[in-house]
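Engineer:
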Amino acid sequence: MINLNKYEVWFITGSQHLYGAEALQQVNEDAREISIHLDQSNLIPVRVVFKPVLTTPEAIYSLCQVANSQENCIGLIAWMHTFSPAKMWIGGLKILHKPLLHLHTQFNRDIPWNRIDMDFMNLHQSAHGGREFGFINTRLHRRRKVVTGYWKDKYVLERINIWSRAAAAWTDAQQLKIARLGDNMRQVAVTEGDKVAAQMQFGYSVNGYGMGDLVAHVNGQAEAEVNHLLAEYDDSYQMQKELQAGGTKRKSLREAAKIELGLKSFLEEGGFGAFTDTFENLHGLEQLPGIGVQRLMAAGYGFGAEGDWKTAALVRAMKVMGQGMEGGNSFMEDYTYHFQPGNNQVLGAHMLEICASLAEGRPSCEIHPLGIGGKADPVRLVFSASAGKSLNASVVDLGSHFRLLVNEVKAIEPDQNLPKLPVARVLWKPYPDLNTAATAWILAGGAHHTCFSQNLSYEYLEDFAEMANIELVTIDEQTELRRFRQELRWNELYYGRGR
78 MINLNKYEVW FITGSQHLYG AEALQQVNED AREISIHLDQ SNLIPVRVVF
128 KPVLTTPEAI YSLCQVANSQ ENCIGLIAWM HTFSPAKMWI GGLKILHKPL
178 LHLHTQFNRD IPWNRIDMDF MNLHQSAHGG REFGFINTRL HRRRKVVTGY
228 WKDKYVLERI NIWSRAAAAW TDAQQLKIAR LGDNMRQVAV TEGDKVAAQM
278 QFGYSVNGYG MGDLVAHVNG QAEAEVNHLL AEYDDSYQMQ KELQAGGTKR
328 KSLREAAKIE LGLKSFLEEG GFGAFTDTFE NLHGLEQLPG IGVQRLMAAG
378 YGFGAEGDWK TAALVRAMKV MGQGMEGGNS FMEDYTYHFQ PGNNQVLGAH
428 MLEICASLAE GRPSCEIHPL GIGGKADPVR LVFSASAGKS LNASVVDLGS
478 HFRLLVNEVK AIEPDQNLPK LPVARVLWKP YPDLNTAATA WILAGGAHHT
528 CFSQNLSYEY LEDFAEMANI ELVTIDEQTE LRRFRQELRW NELYYGRGR
């Protein structure tokens, strides 16, 4: 469902006619070599497309116009080989709508000590040419990423990788359609928000649909398709005895398969990339969607429970960023705490809907009572998530602006088994510690729903927030509550100016 190979970033190089035709030809050749190296790097998941050297305001403006209109172009990587007078860039940068990365590098890694002369110095002026370009971007208040280093170094390639994945997620968001099946969970505040403001800020649209729209797709599934999916379940998961062929609950598994197929059909027909549901609106469904939601998330769809469209959009964005990487991204909720002195932990879970991309080993397909929703017992995948460095992220609507809140955590293996917990779950230790992390999260107005990521770092979300022009707040090993409160107050002055 998510294909990063269709995207491309354009490698553009700045110079000027002052240096003569021979020098400009060398600039062009050097730029082409760098762009080919980036394009062939297995660290960068999108195409890197070379564009001829830019030497006039007209050429820069024209390229930015074309980049804006090219659907597959998700951003520009700009390099100043020589000194490129920044006034030439004003017109183009003012109209550019695509993400920008300023690569502050130079063609040669080392100073050629024994042969360096003024000809070499005039040609290789990235050190101060990049400062000229940086100034005009800052003067224009242009949001961009700046990466400094030698273009062959892994550090530089990894920064470009992260930015390109964030740019892909940003591009995806511009056309993203989110289906809200039913409304918000009643009386809940944080999952609500201004959908018009969100579309203006992020690009995605959120529209509501009745359960009847989904139920028509569920009831229209052919028996052959249902049987095929049942066989896939049998092959993919450890199957609870009652759900196996001939088992006493096999009928419930069949109904779950119909719901999954109906959901998929509904989403594909409407061109949706994310969706929500709520257990308070299940009219026409025999059970709350469980395994179907889990598997659709694993296929790349964003999801938010209880009508939480902001989290659904964030899950989708983080799945785009993490496409093809080891580990997963999933809808999540902090569920309960372990306040053992010196060993504080958080158990993350939800009623049913944790993505199987997080699973350690083969999930178990099980059926258990839910206790809420007033429907038949739902089928779900049960597993524990893999241990390792992770993070939780949440987008909240503060009325004046949107805030992206990130908490870096360490997922751990439980000290004991959880034999009676019939849901997928993750156990983690938040940084810097549970007391500080939870207090900071609450002070920042963070939601109880998040996207939990095993494969993304803070930098991915930092780049995405820059592209979206929203506030980003992080809780990590260095967080101190006194400074954190000050940061929130300072941010209110900058971002809280009203929409």
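In our numbering, the protein residues as written are 78 to 576. C-beta atoms are modelled at their ideal positions from N, C-alpha and C, and glycine is treated no differently.
1. With which residues is I113 paired in a DSSP beta bridge?
2. Under DSSP, the beta strand (DSSP E) around S282 begins and ends at which residues?
3. Looking at the secondary structure, which residues open and close the alpha helix (DSSP H) in which T388 lies?
4. Terminal residues of the continuous alpha helix (DSSP H) containing H205?
5. Is the beta carbon of G384 less than 8 Å from the beta carbon of N261?
6. Where does P496 sit, in a helix, a strand or coil, going by DSSP?
7. Buried or exposed for Y360, going by 16 or more other Cβ atoms inside 10 Å?
8. Look up R219 in the DSSP assignment and say whether it is helix, strand or coil.
9. Could you give the distance in angstroms between the alpha-carbon of L533 and the alpha-carbon of E300?
10. Go to T413, then tell me how far its beta strand (DSSP E) extends in each direction, as first and last residue.
11. When DSSP labels each residue in this structure, what does V123 get in the three-state scheme?
12. For a test of the three-state rule: what should DSSP assign to R44, helix, strand or coil?
13. For A246 versus G152, is the C-beta distance shorter than 8 Å?
14. Identify which residue in A250, T159, P134 and H114 has its Cα closest to the Cα of L95.
15. How would you call D474, buried or exposed, if buried means at least 16 neighbouring beta carbons within 10 angstroms?
16. Helix, strand or coil, according to DSSP, for A334 in the structure here?
17. Here's the rule: buried if 16 or more other CB atoms are within 10 angstroms of the residue's CB, otherwise exposed. What is P189?
18. Going by beta carbon distance, what residues of the same chain come within less than 6 Å of I552, once the five residues before and after it are set aside?
19. Is the beta carbon of K466 closer than 8 Å to that of F349?
20. To the nearest angstrom, how far is the alpha carbon of L30 from that of A256?
21. Nearest by alpha-carbon distance to R208: which of R480, L120, L200 and P162 is it?
22. Buried or exposed: H31, going by 16 or more other Cβ atoms within 10 Å of its Cβ?
23. Three-state secondary structure (DSSP) at S534?
24. Please determine, among L481, L173 and G523, the residue with the shortest C-alpha to C-alpha distance to A275.
25. Kindly indicate the opening and closing residues of the beta strand (DSSP E) around M157.
26. Measure from the alpha carbon of L173 to the alpha carbon of each residue in R221, G448, S471 and V423, then state which is nearest.
27. Taking just the CA atoms, how far does L170 sit from N214?
28. Using a threshold of 7 Å, is the CB atom of K487 nearer than that to any non-hydrogen atom of the ligand MN?
29. Looking at C-alpha atoms only, which residue of M402, G401 and Y378 is the closest neighbour of A394?
30. Please work out which residues of its chain come closer than 8 Å, Cβ to Cβ, to R204, disregarding the five sequence neighbours upstream and downstream, and give them in chain order.
31. Is it right to say P176 is buried, meaning 16 or more other beta carbons lie within 10 angstroms of its own, or is it exposed?
32. By alpha-carbon positions, which one of G168, V503, N238 and T90 ends up nearest to H181?
33. Quick check: the Cα distance between V392 and V503, rounded to an integer number of angstroms?
34. DSSP three-state label for W240, please.
35. Just list the residues that DSSP pairs A470 with in beta bridges.
36. Identify which residue in V472, P496, K497 and S92 has its Cα closest to the Cα of T546.
Structural biologist: On the basis of the coordinates in this document:
1. Within the sequence shown, numbered from 1, the residue matching residue 113 stands at position 36. Looking at the DSSP output, I113 shares a beta bridge with no other residue.
2. On the sequence shown, residue 282 is found 205 positions in, with the first residue counted as 1. DSSP places S282 in the uninterrupted beta strand (DSSP E) bounded by S282 to Y286.
3. Counting from one through the sequence shown, the residue named residue 388 turns up at place 311. Unbroken alpha helix (DSSP H) run through T388: W386 to M398.
4. By 1-based counting over the sequence shown, the position of residue 205 is 128. For H205, the uninterrupted alpha helix (DSSP H) segment begins and ends at S203 to R216.
5. Taking the first residue of the sequence shown as 1, we reach residue 384 at position 307. Taking the first residue of the sequence shown as 1, we reach residue 261 at position 184. With contacts defined by Cβ atoms closer than 8 Å, G384 and N261 form a contacting pair.
6. Reading the sequence shown from its first residue, position 419 is the one you call residue 496. Residue state, collapsed to three classes: coil.
7. Against the sequence shown, residue 360 aligns to sequence position 283. The question names Tyr, but residue 360 in the sequence shown is His. Counting the other Cβ atoms within 10 Å of the Cβ of H360 gives fewer than 16, which makes it exposed.
8. As a first step, residue 219 is located in the sequence shown; it is residue number 142 there, counting from the start. In the three-state DSSP reduction, R219 falls in the coil class, being neither helix nor strand.
9. In the sequence shown, residue 533 corresponds to position 456, counting from 1. In the sequence shown, residue 300 corresponds to position 223, counting from 1. Between L533 and E300, the C-alpha separation is close to 40 Å.
10. Numbered from its first residue, the sequence shown carries residue 413 at position 336. Residues N406 to H415.
11. For the purposes of this step, residue 123 is taken as the residue at position 46 of the sequence shown. In the three-state reduction of the DSSP assignment, V123 falls in the coil class, being assigned neither a helical nor a strand state.
12. In the structure as shown, the chain begins at 78 and stops at 576. Residue 44 is therefore absent and cannot be evaluated.
13. Translated into positions along the sequence shown, residue 246 becomes position 169. Translated into positions along the sequence shown, residue 152 becomes position 75. Not a contact, by the Cβ cut-off of 8 Å.
14. In the sequence shown, the residue the question calls residue 95 occupies position 18. When A250, T159, P134 and H114 are compared, the shortest CA-CA separation from L95 is found for T159.
15. Walking along the sequence shown from the start, residue 474 turns up at place 397. By the neighbour-count rule (16 or more Cβ atoms within 10 Å), D474 is buried.
16. Within the sequence shown, numbered from 1, the residue matching residue 334 stands at position 257. Look at A334 here: in three-state DSSP terms it is helix.
17. What you label residue 189 is simply residue 112 of the sequence shown in a count that begins at 1. By the 10 Å Cβ count, P189 comes out exposed.
18. To locate residue 552, count along the sequence shown from 1; it is residue 475. Closer than 6 Å at the Cβ level, and outside the excluded window around I552, lie N484, A514 and A517.
19. Reading the sequence shown from its first residue, position 272 is the one you call residue 349. Reading the sequence shown from its first residue, position 389 is the one you call residue 466. With respect to the 8 Å criterion, F349 and K466 are not classified as neighbours on the basis of their beta carbons.
20. Past the edges of the chain, shown from 78 to 576, lies residue 30, and the structure says nothing about it.
21. Here the question's residue 208 lines up with position 131 in the sequence shown. Of all alpha-carbon atoms in R480, L120, L200 and P162, the one lying nearest the alpha-carbon of R208 is that of P162.
22. As displayed, the chain neither begins before 78 nor continues past 576, which places residue 31 out of reach and without an answer.
23. Numbered from 1 along the sequence shown, position 457 holds the residue referred to as residue 534. In this structure, S534 counts as coil in the three-state DSSP scheme.
24. Taking the first residue of the sequence shown as 1, we reach residue 275 at position 198. If we check each option's Cα against that of A275, L481 comes out closest.
25. Locating residue 157 in the sequence shown gives position 80, counting from the first residue. Start and end: C150 to M157.
26. Here residue 173 corresponds to residue number 96 of the sequence shown, with the count starting at 1. Checking every option, the nearest Cα to that of L173 belongs to R221.
27. Indexing the sequence shown from 1 puts residue 214 at position 137. Indexing the sequence shown from 1 puts residue 170 at position 93. Rounded to the nearest angstrom, the two C-alpha atoms are 8 Å apart.
28. Judged by which ligands are present, the structure shown has none, so any question about the ligand MN falls away.
29. Taking the sequence shown and counting its residues from 1, the one referred to as residue 394 is at position 317. For the set M402, G401 and Y378, the Cα lying nearest the Cα of A394 is the one of Y378.
30. Taking the sequence shown and counting its residues from 1, the one referred to as residue 204 is at position 127. Strictly speaking, residue 204 in this sequence is Ala, with Arg absent from that position. Cβ within range, chain order: Q183.
31. In the sequence shown, residue 176 corresponds to position 99, counting from 1. Burial call: buried.
32. Stepping through the sequence shown from its first residue, residue 181 is reached at position 104. The shortest Cα separation from H181 among G168, V503, N238 and T90 belongs to T90.
33. If you number the sequence shown from 1, residue 392 lands on position 315. If you number the sequence shown from 1, residue 503 lands on position 426. Answer to the nearest angstrom: the Cα atoms are 16 Å apart.
34. Locating residue 240 in the sequence shown gives position 163, where the first residue counts as 1. Note: W240 maps to helix in three-state DSSP.
35. The sequence position of residue 470 within the sequence shown is 393, counting from 1. Note: A470 sits in a beta bridge opposite V483 and C528.
36. Looking up residue 546 in the sequence shown gives position 469. Note that residue 546 corresponds to Asn in the displayed sequence, not to Thr. For the residues V472, P496, K497 and S92, the minimum Cα distance to N546 belongs to V472.
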